[in-house]
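If you read the sequence shown in my numbering, its first letter stands for residue 8, the second for the next number, and so on. All C-beta atoms, glycine included, are put in the ideal place defined by N, C-alpha and C. In this text the structure is predicted, and so the values were computed from the model without any measurement. Down below is the structure, laid out as structure tokens.
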Amino acid sequence: MEAVADIADMHINVPNLTLEQREAMLNVDQKRIFDKIKTNLISQIEHEDI
Numbered sequence: 008m009e010a011v012a013d014i015a016d017m018h019i020n021v022p023n024l025t026l027e028q029r030e031a032m033l034n035v036d037q038k039r040i041f042d043k044i045k046t047n048l049i050s051q052i053e054h055e056d057i
């Protein structure tokens, strides 16, 4: 859960970064969690479009 909090902190503290820039700031564990969250969100969006 710490990784999710870190991602939230990045959004609050650095609002002008692109998604790609935020992704580049993540450590390995955070990146793994972020990738899972991103994959799930993309999947949800694709299912909503059907």
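Fill in: Separation of lysine 38 from glutamate 30, as counted between CA atoms
As a working mapping, residue 30 is identified with position 23 in the sequence shown. As a working mapping, residue 38 is identified with position 31 in the sequence shown. For glutamate 30 and lysine 38, the distance between alpha carbons rounds to 7 Å.
Item to complete: Kindly indicate the opening and closing residues of the alpha helix (DSSP H) around leucine 33.
Response: What you label residue 33 is simply residue 26 of the sequence shown in a count that begins at 1. That residue, leucine 33, is in no alpha helix (DSSP H); it is neither H nor E in DSSP.
Worksheet item: In this structure, does DSSP put leucine 24 in helix, strand or coil?
Response: Here residue 24 is taken as the residue at index 17 of the sequence shown, counted from 1. Leucine 24: coil per DSSP, three-state reduction.
Discussion item. Just to confirm my understanding: we take leucine 33, look at its own chain, exclude 5 residues before and 5 after, and list those with CB closer than 6 Å. What are they?
Written reply: Within the sequence shown, residue 33 is the residue found at index 26, counting from 1. Excluding positions up to five away in sequence, the list reads Phe41.
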